[in-house]
Structures are given as C-alpha cells and as structure tokens.
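Asker:
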Amino acid sequence: MRIWRKNTGWVRPHETAILEKLTKQGHDWQGQPLSTSLELNLNVVRKVMGNPEDLSVREFTLAADTEYNAAVMMVEGLAERELVNEQVLKTLMLDVKFEKPLSHKQLFEQIEKYGIPNVMVKQNQTMGEVLNELLGGETVFLLDGVDRALVIASRGWEDRSISEPATESIIRGPRDGFTETLRTNTGLIRRRIKSPDLRLEGCKIGRRTRTDVVIVYIEGIAKAEVINEVKKRLKRIDIDAVLESGYIEELIEDSPGSPFPQIEHTERPDKVAAAVLEGRVAILVDTTPFVLMVPTVFWQFIQSSEDYYERYWVGSLARMIRLLAYFLSITLPAVYIALTSFHQEMIPTPLALSIAASREGVPFPAIGEALLMGATFEILREAGIRLPKPAGQAVSIVGALVIGQAAVEAGIASQAMVIVVALTGIGSFAIPAYGTVVAGQLLRIILVLLAGFLGLFGILAGLSFIFIHMCALQSFGVNYLTPVTSALPNDYKDIAVRTPWWSMRRRPEKIAGQQKKRVAAGSKPGPDQGEKKQGK
Amino acid sequence: MRWKAVLCFLILISLPFQAGCWNAREIDELAFVLGIGLDRGQDGGVKVTVLIANPSAASKSPTGGSAQEKSFYIATAEGKTFFEAIRNMATFSSRRIFWAHNKVIVIGEKLARSDITEILDFFSRNPELRLRTWIAVSPGEAEKLLAAPPEVEKDPATSIENVISQRVWTGKGYGVMLKDFLEDYLSTATHPVASRLSFDDSGSLRLSGAAVFNQNKMAGWLDEKETRGLLWLKGEFRSSIIVVPCPLDGQPLSVEVVHGEVKYKPQVRNGRPQLTVMTHAVGNLSEQACKTDFTHMDNLHKLEMSLSAVIKDEINAAITAAQQKFKLDFPGFNRPFHLQRDKEWHQLVNKWPELFKEMEVMVEVRSNIPREALFAIPLKSKKVAPGQ
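Sequences listed follow chains A and C, in order. When the letters of the first sequence are read in order and numbered with this note's numbering, they come out as residues 643 to 1178. When the letters of the second sequence are read in order and numbered with this note's numbering, they come out as residues 14 to 401.
Put into structure tokens, the structure is as follows:
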C-alpha cells in the first residue's frame, strides 16, 4: 500500500504526460476512466474546467489508523454548501471512526455504505460522469487509491418559489405554476396524479447545455405510437443548447412552415395533469416553466383549464365567446375594409352613413388606415410588454389616447376604424394561448391585404386557404382539427362547448390509447343520488 | 427547385397588385341616394330627382350642435332618356352617385300614365339597384314629394319608407316592393299595383289608395275602400282596424284584425272560370261605444256577422273595380287557376282578359272574435242624466 504525500500539488512526470494527453484540445475525456491517483483526478477536473473560481475542492485526510487522502468537489451556486458541510465533511471528518486497518477499496465501500447520510449516493467510474454530475450540482467525493468517485445529491441552487402563472390567469382553479426547476415541476405533476402508472422518462438534450428533458405520460392511457414518436423526435435533436422549451418545440413539430402552433405549452400543472390524463404526452424542460403537450389539436387553444372547473354552462359560454373573439380578431378588419371599399351596399343605410361621415377627411384609403392603426396597436402592445412595469402603465395610457382620440381628432383615422382595431386587439387576447394570438395577427394582415385588393372575394379565398391548410395540419399523427374533421360525435362534447363531467364518459377518441373510459355510466347526479342502489 | 418555388411565390404575390383594387371606392367618396323621383320633363324627356344623404349631418346625434346643417340634398337632372338624365347628374355631383341604398322610387302621375317600361328596365338591369325598393306613384310631381322637409325623420326618404312599412296599422294604403311589382309586371295575366303617395291638406305625407297599372301605363287610382278589398284579396290584411256598426244600436265599434287569411277555390265550367274567395278574419274587439254586452254569445255572433258584412263589402268594391272599372286583373285572380287548375289554365290563358271581366266571383267571409272573456261589459257611467 502506497502512501501519498498529502496535498503536495506537484505531479509526477509520467502523470504530467497523462494530464497533457487528457486535456489536449479535442480529446474525448468523457469515457476516460478515473485514475487511482487523487492528485491526477483533481488536476484533470481542474484542467478540463479551466480551474474556475466557482469550483470548490476540499482536500482532507480521513481519520483512521492510516492516513487516507480524500477530496470533495462541488460547484458553488449549484450545490448546497450547508448540505455538503453537514452531510459529507462533518460526518467523514468528525463523526465516523474507522477502527480496523482497511484497504483503500474497503474504506471507499464502507464510506458509501454508512459514511454519508444522504438519500442518493452512487458510484461513478469515468471522468465524464464525474464532470457531468459536478456541473449538474452534485457533490463528488474522491478517495485516493480508488479509481471510483462517489456522487452525493446536493443540488440546491437559488430558485424562484412556486407562484401564480403570469401568462394564464384564471379565476377559479389552482394558483400554483411551474418554476424553472425541473424537479419541482415533476413534483407538481406527481402531486396531482398519484397513480403508479405515471411515467417519467428523462434524457439530456443540448451538447453544451445538457438540459434535462423529461417526458411524462400515463402508461395505458397514452398511445404507445405517440410515446415512441416523441422519443424518436427527441433523440433526433442535435443542438448545442436548449434554453427554453421553445427550442424543443421548433425541433419536433410537424409543419414548421405553418403559422399555427402545433404544440401546446402551458405554465399550469393542472393543465398538464389534465392533458396527461387525456392521453397526451408532456415534455418538461429544465430551466423553463413552460411545458409542452403533444399531440395538440386546434381547439385546445380556445380552451382554458378554468372551463372544467366552473360549471359547464360558464365554460361553454366562455368557449363560444373565445371562438367568436378569435374569428373576429382575424376577420374583422378585413371585413370592414371589404365592406367600406367594395360592398357598401351590404352595410345598413344608417351605419353606412355614419361610417362615411367618420371617414370624411381621412386622407388614407381604408386599407392604409387599417394597416396604420393595426401597426400602431401592435407597437403599443409590444412596447407595453417590454417596458419596465411602472413605465408600461404610462405607455398604455398615452397609447390609448394616441390611438383613440388624437388620431381621430387629427383626421388620421376614422372613429369606426378605431373601434374595429380596438375590438380586434382586445378580442385577440380573449384566447388563452398567446402563440395562437400571434399566428392570428399574421393571418389578419394577410386577410386585410386580400380584402383591400379583392374585397369579400379575397377574404373568402383567404379563409378557404387557411381552412384547407388547417385541415392538412397534423400533430404527432393526430389531425389538427380533430374531432371536427374526423367526425367523432362523442368528442364534440369538449370542443366549442364543455358538457358536464358525467356526460364526458370517454377520453378523446384519437388521443387516448386503450383505456378510453373516464367516467362511470350513470354518474349523472340528481335528487335521488345513490338511493336506488340501496333500495334494491 | 428552390428558384422555382421562389418564382411561384413572387408571381402569387404580384397577382393582387395586377388586380389593382379594381372597382374599389372609398365609402366617403360616395353620394348615397336614398330616394329617386321620376317626372316628365319639360321637353318630353325624363326628369330625375335624387335625394342624396349628407353623411356628416345625417349621422350626427340630434343633441350634437346647434348648427342646422341639412342632412340631405336634392339634385335634379333632365335628359331625353332616363339613363341620360342619370348620367347628366354626374356633371354637377362631386361624388360618385351610389344607388344601392335607395329606399323608394316615386313616379309622378304624368310620367306613370305615359310609359314606365324604360324605368323598369333600368331598375332591373342595374346591379347596383336593389329590388327591395318601395315603388309609389304620386298624384302630383314626384320631385315635390321628395323635397318636402321631413317632420320627424332626418330625410324624406326615410319618412316615406316608414310610412309605407307602417301601412298595416291602417290598412288603407298599399305598399309594394320593386321585386313584387316586377313580378306582376312580367306575369302573363296579373297587372301590377303601386302605392299612392300624396300630401294631405295639411301638407304632410299620406299613404292612401293605390295606383293600378295596365302593363306599362298607369290606368287609374284605387280609393281606400278598394285598396282594403285588394289587401284582403292579396292576403296582406293584418293588424288593421275595421270600424263596424254595432249590430244593435248602430254605434261604431272598432275591431282589430289579428289574423286575416284568404283561400281561393277556382272552378272551370264549360270553359268559363268561376272563383270562390274564402276569407277568414280573426279580430279583437278593441273599442266599443255601444252599450251592448258582448259576453252574450248571441250578441257576439251578431257582431261577427256585421264584421263579415263590412269585409265582404270591401272585397266586393275591389272586385268591382277590377272587373268593371279597370277591366284589369290586378288582384291576381289568375294565380289560383294557374296553381290549382293547371290543365284548364292553359286553355284559359289566351282569352283571360275577356273571361276575367265576366267571371263569376263569389265571396265568402267568416269572422271570429274569439277572445270573449277579455271584454266584459263596457264602461258605463252611473251618474243620473240631467232632466231625469
């Protein structure tokens, strides 16, 4: 048994050669096995990482009959320092006493067995694994003379606490939202679905970011084809960085050229739980609160999780209003232009006269006016989002005055157009999904141009084209307009209206796999609930 | 492959620019015609009067501003033909004249009595003009009717339109849209009828009676009683009031007709047409000056009988006017033959003008006043009359 001098800092000549070889540019250190030399291992880590200032390496000697050199490594900011002090250093340096003379290997195994009071301790053998764990926030324990490392779970970085989702506010329903930490997020889903069939499968995507991505589904409800398709598409991704789930979304969607989003995303754990229970597959990405859900159909974008919590009348009415708002926000300016510059005979006389009166003195044609006012609205909206909150308030007030009053008084825009633009802008925000809203803006501009050139004919041509395009879209093997295009009468219960829970007895036909039954027959409540059963 | 796609895209993008906003016209560059008046011109041509809305004044709320800007203006043009007269209008109108919002066409009696073929042709040919326009004849000049300052409404065309659409309350005037007028005009045997619009003694607008046309010329007027009969025959009598003498003491009573319906039973005997007109009227007693207690069924039956008699009288007046005064089938008695006696009709159609004059028309009227319980004994003062 060799005894190394403690913490000398120098490296023997043959080790220098190894070190140089290992850290040479382009050398694959991932699969490199650990050395038995503590010094060498530490130096490799230091060298590969460029000896960063947030890397903490604590070398110490274990108190036993012989002196065993050991070291603990962690990255400051990712690993919890308290935990390392308490569970690793304190126990190993003060509490645990090793009586018998032990070989290095025996000592290492004893430490693994009862030396570190932490729920997750595992052995690692390669330099790559050690570095990955280290950079993932874990603590690495190395013992001289052993070519293994112990990884101790110590992830604990500063984290935003669970708060109400900023993008999807609702009135009735849970208020918790996802955070930027993957583990918190999976916990939020687990808390809602306590079934052992809930499956979480992880992988790492991003050559440099090595972002954790987890797919969540329920075994038996989700379709096997969809699960395999998701895994296949995730595996195909070869990108250096994944900073947000939007990266994944763009790399796995079906029709990247379409303005319609084909993958829904949400900040709400209840929405993800509902999606998973319908048979969808959720994709969680670390460092972002936005979770993807596939397959997605168009109707999901006009649905809010609140529709299911409020009584079904409320939900149904809200959905129809959203559908109307979406349709209006896409077509209203175009229809206004077509009517006022081509088909004046279609406007009722008093309305035609008041539009004519309000347009008197406006220097632009209706289409120019629409584009101008639309652009103004979009600029204000965008500015309102980007500006710091206190300033945003001021901007929106000034903007409202600019659009609403000053433009009309200056004769740049007509009052009727202000109403149209305002209704369009407000209407587009009645849709819970922001991505759809933005797609709607694109379609709106196209329709406005078509209406300006070709009138109602142009609008109808444009709408037909959009509709044909939507019919052709797919998301992970499911038609975008399912169930409308697939004629599934049972699924109509959850599209533009939301029928009561006791009537939605089956899961969506095209999305769920084998277990389609959701609610038991005869669940419709009434005054004699349960009495009939007891009587007979 | 890629450049082909780019080329296709560029061609597609440039397509709308090729179309170049054809036929686009901004709404504020239009002169909205609300009413058209047609008269005989001085040199035998046509004089067209157009009522054009002034949008900025027409859409202003009544409380806004004291400036009394007129909400309409009148333009007149003459020409040898109707179309020339209309085109002549462009010589002084700064805006493009837009016909699609026209509500009413008023034809002066003089012009109506000479020839309206050209006018009907223009109105049915021009795609900008609606067929849902009221058509009326004025005993005087149409121009004056359109130019008269409106009383409540903002422009005369709207008041004319409202007067016509409220004709059901009185049942004394006839209202017809261009589409129905044209249908009769083009039919094999029916002669068209138009409204009669005039000023009454106090100078306000009045819809009463109707104008009967013989093909393209006006043949004459129908008075109010004949018009009522015509409304019964056309099945358009509803909501109007019928004043019925009380069957017991002769005092007037008002019955509001809530349901009127007519059925025809055509028969052909020895090649001669015979028509039974079956009318059913349902009314409410809305006012009574006589002291009869109509909660008694006998009295009520008597009232129903006299109601039937009044209606029958009105219908007979219209039939007499059609068969003897004008000798024109303007009530459309040919239609039941056409619809129900199709085979015989083909033999009748050529001789219809003669056959119609001598056709036997039987009128059956059935009246009901069903809501007995709603009227109790009439109001009666219990004061002792002086001198008793």
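The beta carbon of each residue, even a glycine, is placed where N, CA and C say it ideally should be. Because the structure is a prediction, the values reported are computed rather than measured.
What first and last residue would you give for the alpha helix (DSSP H) that runs through residue 879/A?
Answerer: Position 237 of the first sequence, counted from the start, is the residue given in the question as residue 879/A. Neither: residue 879/A is in no alpha helix (DSSP H) and is coded neither H nor E.
Asker: Could you work out which residue in 1128/A, 1160/A, 1137/A is closest to residue 1143/A when comparing CA atoms only?
Answerer: Along the first sequence, read from residue 1 onward, the residue named residue 1143/A stands at position 501. Nearest of 1128/A, 1160/A, 1137/A to residue 1143/A, Cα basis: 1160/A.
Asker: Please list the partners that residue 971/A has in chain C, where partner means a Cβ-to-Cβ separation under 9 Å.
Answerer: Taking the first residue of the first sequence as position 1, residue 971/A is located at position 329. Under the 9 Å cutoff, chain C gives no residues; its nearest Cβ is about 22 Å from residue 971/A.
Asker: Name the chain C residues that come within less than 8 Å of residue 984/A, Cβ to Cβ?
Answerer: As a working mapping, residue 984/A is identified with position 342 in the first sequence. Under the 8 Å cutoff, chain C gives 36, 37, 38.
Asker: Between the C-alpha atoms of residue 51/C and residue 360/C, what's the straight-line distance to the nearest angstrom?
Answerer: Here residue 51/C refers to the residue found at position 38 of the second sequence. Here residue 360/C refers to the residue found at position 347 of the second sequence. Rounded to the nearest angstrom, the two C-alpha atoms are 39 Å apart.
Asker: So who's on the other strand from residue 234/C, going by DSSP bridges?
Answerer: As a working note, residue 234/C is residue 221 in the second sequence. DSSP, once it has assigned bridges, lists 224/C as partnering residue 234/C.
Asker: Buried or exposed: residue 978/A, going by 16 or more other Cβ atoms within 10 Å of its Cβ?
Answerer: Locating residue 978/A in the first sequence gives position 336, where the first residue counts as 1. Result: buried.
Asker: Count the other C-beta atoms from every protein chain shown that fall within 10 angstroms of the C-beta of residue 827/A, then say buried if there are 16 or more, exposed otherwise.
Answerer: The residue you call residue 827/A lines up with position 185 of the first sequence. It counts as buried.
Asker: So with CB distances below 7 Å, who are the chain A contacts of residue 69/C?
Answerer: By one-based count along the second sequence, residue 69/C stands at place 56. Residues of chain A passing the Cβ test: 999, 1002.
Asker: Do you know offhand how far residue 944/A's Cα is from residue 809/A's?
Answerer: Counting from 1 along the first sequence, the entry for residue 944/A is found at position 302. Counting from 1 along the first sequence, the entry for residue 809/A is found at position 167. Residue 944/A and residue 809/A: Cα-Cα distance of roughly 15 Å.
Asker: What is the residue span of the beta strand (DSSP E) that residue 406/C lies within?
Answerer: Look at the range of chain C in this structure, 14 to 401, and you will see that residue 406/C is not part of it.
Asker: Residue 1007/A CB to nearest chain C CB: under 7 Å?
Answerer: As a working mapping, residue 1007/A is identified with position 365 in the first sequence. Yes, residue 1007/A counts as interfacial toward chain C.
Asker: Check the DSSP bridge columns for residue 53/C and list the partner residues they point to.
Answerer: Residue 53/C sits at position 40 when you count from the first residue of the second sequence. Answer is 59/C.
Asker: Using a cut-off of 8 Å between C-beta atoms, extract the partners of residue 43/C located in chain A.
Answerer: To locate residue 43/C, count along the second sequence from 1; it is residue 30. Within chain A, the residues near residue 43/C are 986, 998.
Asker: Taking the runs of the alpha helix (DSSP H) that are 4 residues or longer, which of them lie wholly in the stretch 672-739 of chain A?
Answerer: Counting whole runs of 4 or more residues, the stretch 672-739 of chain A contains the alpha helix (DSSP H) stretches 680-691.
Asker: Listing by chain order, which chain C residues have their CB less than 7 Å from the CB of residue 1055/A?
Answerer: To locate residue 1055/A, count along the first sequence from 1; it is residue 413. Per Cβ cutoff of 7 Å: no residues; residue 1055/A is ~13 Å from chain C at best.
Asker: Would you list the residues sitting across from residue 255/C in a DSSP beta bridge?
Answerer: The residue you call residue 255/C lines up with position 242 of the second sequence. Note: residue 255/C sits in a beta bridge opposite 268/C.
Asker: Name the residues in the stretch 99-118 of chain C whose C-beta lies less than 7 Å from a C-beta of chain A; which are they?
Answerer: Going along the stretch 99-118 of chain C in chain order, one finds 111, 113, 114 with a Cβ nearer than 7 Å to chain A.
Asker: Determine, using beta carbons only, whether residue 20/C comes closer than 7 Å to chain A.
Answerer: The residue labelled residue 20/C in the question sits at position 7 within the second sequence. Answer no: the Cβ-Cβ gap between residue 20/C and chain A never drops below 7 Å.
Asker: Can the beta-carbon of residue 840/A be found closer than 7 Å to that of residue 857/A?
Answerer: Along the first sequence, one-based indexing puts residue 840/A at 198. Along the first sequence, one-based indexing puts residue 857/A at 215. It is not a contact, given that the beta carbons lie outside the stated cut-off.
Asker: Please say whether residue 269/C and residue 312/C have beta carbons closer to each other than 7 Å?
Answerer: Working through the second sequence from its first residue, we reach residue 312/C at position 299. Working through the second sequence from its first residue, we reach residue 269/C at position 256. No, Cβ-Cβ distance for residue 312/C and residue 269/C is not below 7 Å.
Asker: Of all the CB atoms in chain C, is at least one closer than 7 Å to the CB of residue 995/A?
Answerer: As a first step, residue 995/A is located in the first sequence; it is residue number 353 there, counting from the start. So yes, residue 995/A belongs to the interface.
Asker: Are there 16 or more other CB atoms within 10 angstroms of the CB of residue 264/C, so buried, or fewer, so exposed?
Answerer: Here residue 264/C refers to the residue found at position 251 when the second sequence is read from its first residue. Looking at its Cβ environment, which holds fewer than 16 other Cβ atoms inside 10 Å, residue 264/C is exposed.
Asker: Mind pulling the chain C residues with CB within less than 7 Å of residue 853/A?
Answerer: For the purposes of this step, residue 853/A is identified with residue 211 of the first sequence, where counting begins at 1. Under the 7 Å cutoff, chain C gives no residues; its nearest Cβ is about 33 Å from residue 853/A.
Asker: Are three or more beta carbon pairs between the stretch 1070-1085 of chain A and the stretch 932-944 of chain A nearer than 8 Å?
Answerer: Contact holds: three or more Cβ-Cβ distances are below 8 Å.
Asker: Check the Cβ of residue 334/C against every Cβ in chain A and list those closer than 8 Å, keeping chain order.
Answerer: Walking along the second sequence from the start, residue 334/C turns up at place 321. Those within 8 Å of residue 334/C in chain A number zero; the least Cβ separation is about 36 Å.
Asker: Note down, in chain order, every chain A residue with its Cβ under 7 Å from the Cβ of residue 66/C.
Answerer: On the second sequence, position 53 is the one that residue 66/C refers to. Neighbours of residue 66/C on chain A, chain order: 995.
Asker: So which residues of chain A does residue 141/C contact, with C-beta pairs closer than 8 Å?
Answerer: Counted from its first residue, the second sequence places residue 141/C at position 128. Going along chain A in sequence order, the residues near residue 141/C (Cβ under 8 Å) are 987.
Asker: Does the structure place the stretch 830-844 of chain A close enough to the stretch 912-932 of chain A that three or more beta carbon pairs sit under 8 Å?
Answerer: Contact holds: three or more Cβ-Cβ distances are below 8 Å.
Asker: Skipping 5 residues on each side, what residues in its chain have a beta carbon closer than 7 Å to that of residue 96/C?
Answerer: Taking the first residue of the second sequence as 1, we reach residue 96/C at position 83. Hits under 7 Å: 135.
Asker: With distances taken between CB atoms, is the gap from residue 98/C to residue 46/C smaller than 7 Å?
Answerer: In the second sequence, the residue the question calls residue 98/C occupies position 85. In the second sequence, the residue the question calls residue 46/C occupies position 33. For residue 98/C and residue 46/C, no; Cβs fall outside 7 Å.
Asker: Using a Cβ-Cβ cut-off of 7 Å, state whether residue 781/A counts as contacting chain C.
Answerer: Counting from 1 along the first sequence, the entry for residue 781/A is found at position 139. With 7 Å as the cut-off, residue 781/A does not count as an interface residue toward chain C.
Asker: Spell out a yes or no on whether the stretch 1062-1070 of chain A and the stretch 946-957 of chain A are touching, meaning 3 or more CB-CB pairs, one atom from each, closer than 8 Å.
Answerer: Judged by Cβ distances under 8 Å, the stretch 1062-1070 of chain A makes no contact with the stretch 946-957 of chain A, as fewer than three pairs qualify.
Asker: Within a Cβ cutoff of 6 Å, which residues of the same chain sit near residue 142/C, ignoring the five residues on either side of it in sequence?
Answerer: Stepping through the second sequence from its first residue, residue 142/C is reached at position 129. Once the five neighbours on either side are set aside, the close Cβ partners of residue 142/C are 112, 136.
Asker: Using 8 Å as the cut-off, can you tell me whether the stretch 1086-1095 of chain A makes contact with the stretch 970-977 of chain A, which would need three or more C-beta pairs spanning the two stretches below that distance?
Answerer: The stretch 1086-1095 of chain A vs the stretch 970-977 of chain A: in contact.
Asker: Which one or two residues does DSSP pair with residue 854/A in a beta bridge?
Answerer: Sequence index remark: in the first sequence, residue 854/A carries index 212 (1-based). Its beta-bridge partners are 846/A.
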